[in-house]
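S.K.: According to numbering that gives the first Met the number 0, the sequence shown is numbered sequentially starting from 0. Ideal Cβ positions, reconstructed from N, Cα and C, are used throughout, including at glycine. These numbers were taken from a predicted model, which means no experiment stands behind them.
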Amino acid sequence: MGKCLIIGCGGVASVAIHKCCQNSKVFTEIMIASRTKSKCDALKAKLEGGETIIHTAQVDADNVEQLIALINDFKPDVVLNLALPYQDLHIMDACLATKTHYIDTANYEPEDTAHFEYSWQWAYKERFEKAGITALLGSGFDPGVTSVFSAYAMKHQFDEINYIDILDANAGDHGYPFATNFNPEINIREVSAKGSYWENGKWIETEPMEIKRVYNFPQLGEKDMYLLHHEELESLALNIKGIKRIRFFMTFGQSYLTHLKCLENVGMTSIKPIEFEGKQIIPLQFLKAVLPDPASLGPRTKGKTNIGCIFQGKKDGKDKTYYLYNVCDHQDCYKEVESQAISYTTGVPAMIGAMLVMTGAWQKPGVHNMEEFDPDPFMEALNKWGLPWIESFAPELVE
Ligand code: NDP
């Protein structure tokens, strides 16, 4: 079918690449290009021999000229950006210059301010429309599948959705006193930021971890969860008809929070450069260097994740509630692709998003969020490629 250029070769990319190779009818040829080429070569050596032809390259994704040269050389149908949020705009620039479709899993964040929002990427809308190419933003689990779940609920279950609560629970245990399940820098920036939710047309800001709830998750049991700001809230608030409130909650154990507080109190989570032995260093980047590599957690992590959305709204004039979620087992993921469930639940939707753009099922010139497309082919692909979903019509609600 076609060629895909995958940028980045970390935890999420590794799963997406395994999945592309399983889906070799669509991904006939892939190029893995990242900052550290040896990681791309090691993955190629592991996966080679199947039907997908694998190439590797070194690229600095902050260098638009290098990206353009790589795209012109390989001529992919789509570029799947699985590097870090800091690279999004550079990769979009290279896609525009070469008229190549673009997919990512996280919205742009400037490296020097811990703040993310869609405005920078939405500003590319007209240029992508004019170039006749599609940018699909946020094709991971959250954002990603949570937006597809919302579009599916809207299409098949409701006339109007008034409330959405997105719940992200991880009951995995890796046995370390403190580690993060994906890139520590991105993860700690996200959880130490102020929280916010959208209600009656306005954003309401909270202190970090100010709002706590306890929820009894199917297959996981009772967990403490905390309200965070999350990127899909921004696009769902615009795209879901009749919406009055959207919130996002993530589970954290007490020990994780105590460690994080301590690191914050001593200044280790700061992104302001400091002078150390004659060199400028960023404390959070130094912390990343001493924490366990998320990729090393795979073999040690036991337990399950549960991520989903609870919808409340109206159907045929009556009140209705509906819960759509996926449960993923860390050890099952490891057996299949040698990664834990956090990378798995992001890497599988990344492959599916790239597949739907490549086959044309989800092509629409411009810059789009996931809920703007027909959810049905994505929902079908989730069941087929390892993230089956479960529905409940009488879920416990979050107060
Ligand atoms: P990792 O840190 O494991 O991997 C990032 C990869 O990008 C590494 O291979 C790194 O190279 C490469 N990279 C970084 N900078 C550059 C650059 N300038 N040029 C080329 N390559 C570069 O991160 P994850 O795999 O955990 O996360 C990947 C993305 O997925 C992130 O954007 C993250 O925010 C997103 N994500 C989305 C989720 C969702 O549900 N939507 C959930 C989890 C993550 P090197 O190996 O040299 O360091």
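How should Pro293 be labelled, buried or exposed, when 16 other C-beta atoms within 10 angstroms of its C-beta is the threshold for buried?
M.R.: The residue you call residue 293 lines up with position 294 of the sequence shown. Buried: at least 16 other Cβ atoms inside 10 Å.
S.K.: Would you call the CB atoms of Thr205 and Leu226 closer than 8 angstroms?
M.R.: Mapped onto the sequence shown, residue 205 falls at position 206. Mapped onto the sequence shown, residue 226 falls at position 227. Contact: yes.
S.K.: What would DSSP say about Ile210, mapped onto helix, strand or coil?
M.R.: Counting from one through the sequence shown, the residue named residue 210 turns up at place 211. DSSP places Ile210 in coil when its eight states are reduced to three.
S.K.: If you draw a straight line from the alpha carbon of Thr344 to that of Phe140, how long is it in whole angstroms?
M.R.: Sequence index remark: in the sequence shown, residue 344 carries index 345 (1-based). Sequence index remark: in the sequence shown, residue 140 carries index 141 (1-based). About 6 angstroms.
S.K.: Can you tell me where the beta strand (DSSP E) with Arg33 in it begins and where it stops?
M.R.: Sequence index remark: in the sequence shown, residue 33 carries index 34 (1-based). First, the amino acid is wrong: residue 33 is Ser here, not Arg. Segment 26-33, the beta strand (DSSP E) holding Ser33.
S.K.: Can we count Val58 as close to the ligand NDP, meaning its CB is less than 7 angstroms from some heavy atom?
M.R.: Here the question's residue 58 lines up with position 59 in the sequence shown. Checking every heavy atom of the ligand NDP against the Cβ of Val58, one is found closer than 7 angstroms.
S.K.: Between Ala168 and Thr304, is the Cβ-Cβ spacing less than 8 angstroms?
M.R.: Along the sequence shown, one-based indexing puts residue 168 at 169. Along the sequence shown, one-based indexing puts residue 304 at 305. Cβ atoms of Ala168 and Thr304: closer than 8 angstroms.
S.K.: I want to check one thing, is the minimum distance from the CB of Gln362 to the heavy atoms of the ligand NDP below 7 angstroms?
M.R.: As a first step, residue 362 is located in the sequence shown; it is residue number 363 there, counting from the start. For the ligand NDP, not one heavy atom lies less than 7 angstroms from the Cβ of Gln362.
S.K.: With hydrogens ignored, establish whether the beta-carbon of Thr112 is closer than 7 angstroms to any heavy atom of the ligand NDP.
M.R.: Numbered from 1 along the sequence shown, position 113 holds the residue referred to as residue 112. No, Cβ of Thr112 sits at least 7 angstroms from all heavy atoms of the ligand NDP.
S.K.: May I ask you to check if the CB of Cys8 is nearer than 7 angstroms to at least one heavy atom of the ligand NDP?
M.R.: Counted from its first residue, the sequence shown places residue 8 at position 9. Flag set: Cβ of Cys8 near the ligand NDP.
S.K.: With H, G and I counted as helix, E and B as strand and the rest as coil, what does DSSP make of Gly143?
M.R.: One-based indexing of the sequence shown puts residue 143 at position 144. Gly143: strand per DSSP, three-state reduction.
S.K.: Just reading off the alpha helix (DSSP H) that Ala82 is part of, what are its end residues?
M.R.: On the sequence shown, residue 82 is found 83 positions in, with the first residue counted as 1. Ala82 -> no alpha helix (DSSP H), and no H or E assigned at all.
S.K.: Taking only the alpha-carbon atoms, compute the straight-line gap between Gly143 and Met350 and give it to the nearest angstrom.
M.R.: Counting from 1 along the sequence shown, the entry for residue 143 is found at position 144. Counting from 1 along the sequence shown, the entry for residue 350 is found at position 351. Answer to the nearest angstrom: the Cα atoms are 12 angstroms apart.
S.K.: Alpha carbon to alpha carbon, what distance is there between Glu221 and Cys94?
M.R.: Mapped onto the sequence shown, residue 94 falls at position 95. Mapped onto the sequence shown, residue 221 falls at position 222. Cα-Cα distance, rounded: 45 angstroms.
S.K.: Going by the C-beta, is Ser146 closer than 7 angstroms to any heavy atom of the ligand NDP?
M.R.: Position 147 of the sequence shown, counting from 1, holds the residue named residue 146. Every heavy atom of the ligand NDP is 7 angstroms or more from the Cβ of Ser146, so no.
S.K.: Where Ile306 and Ala170 are concerned, what is the direct C-alpha to C-alpha distance, given to the nearest angstrom?
M.R.: To locate residue 306, count along the sequence shown from 1; it is residue 307. To locate residue 170, count along the sequence shown from 1; it is residue 171. Going by the C-alpha atoms only, they are around 11 angstroms apart.
S.K.: Could you give the DSSP three-state label for Lys201: helix, strand or coil?
M.R.: Here the question's residue 201 lines up with position 202 in the sequence shown. Correct three-state label for Lys201: strand.
S.K.: Assuming Gln279 contacts Lys301 (C-beta within less than 8 angstroms), just tell me the rounded distance between them.
M.R.: For the purposes of this step, residue 279 is taken as residue 280 along the sequence shown, with counting starting at 1. For the purposes of this step, residue 301 is taken as residue 302 along the sequence shown, with counting starting at 1. At roughly 40 angstroms, the Cβ-Cβ gap does not stay under 8 angstroms, so Gln279 and Lys301 are not in contact.
S.K.: Determine the burial state of Asn325: buried for a count of at least 16 other Cβ atoms within 10 Å of its Cβ, exposed for fewer.
M.R.: As a position in the sequence shown, residue 325 is number 326, starting the count at 1. Flag for Asn325 reads buried.
S.K.: Look at the Cβ atom of Ser391, then the Cβ atom of Tyr322, and state whether they are nearer than 8 angstroms.
M.R.: If you number the sequence shown from 1, residue 391 lands on position 392. If you number the sequence shown from 1, residue 322 lands on position 323. Yes. Within cutoff.
S.K.: Reducing DSSP to helix, strand and coil, say where His17 ends up.
M.R.: Position 18 of the sequence shown holds residue 17. Here His17 sits in helix by DSSP.
S.K.: What does a CB cutoff of less than 7 angstroms around Lys374 pick up in its chain, not counting 5 residues either side in sequence?
M.R.: The residue given as residue 374 occupies position 375 in the sequence shown. Looking at the sequence shown, residue 374 is not Lys but Pro. Closer than 7 angstroms at Cβ, skipping near neighbours: Val147, Ala150, Tyr151, Lys154.
S.K.: Measuring alpha carbon to alpha carbon, tell me which residue in Asp315, Arg299, Asp61, Thr320 is nearest Ile309.
M.R.: Here residue 309 corresponds to residue number 310 of the sequence shown, with the count starting at 1. The shortest Cα separation from Ile309 among Asp315, Arg299, Asp61, Thr320 belongs to Thr320.
S.K.: Could you check if Cys361 is buried or exposed, using at least 16 other CB atoms within 10 Å of its CB as the buried criterion?
M.R.: Counting from one through the sequence shown, the residue named residue 361 turns up at place 362. In the sequence on display, residue 361 carries Trp and not Cys. The residue is buried, with at least 16 neighbouring Cβ atoms inside 10 Å.
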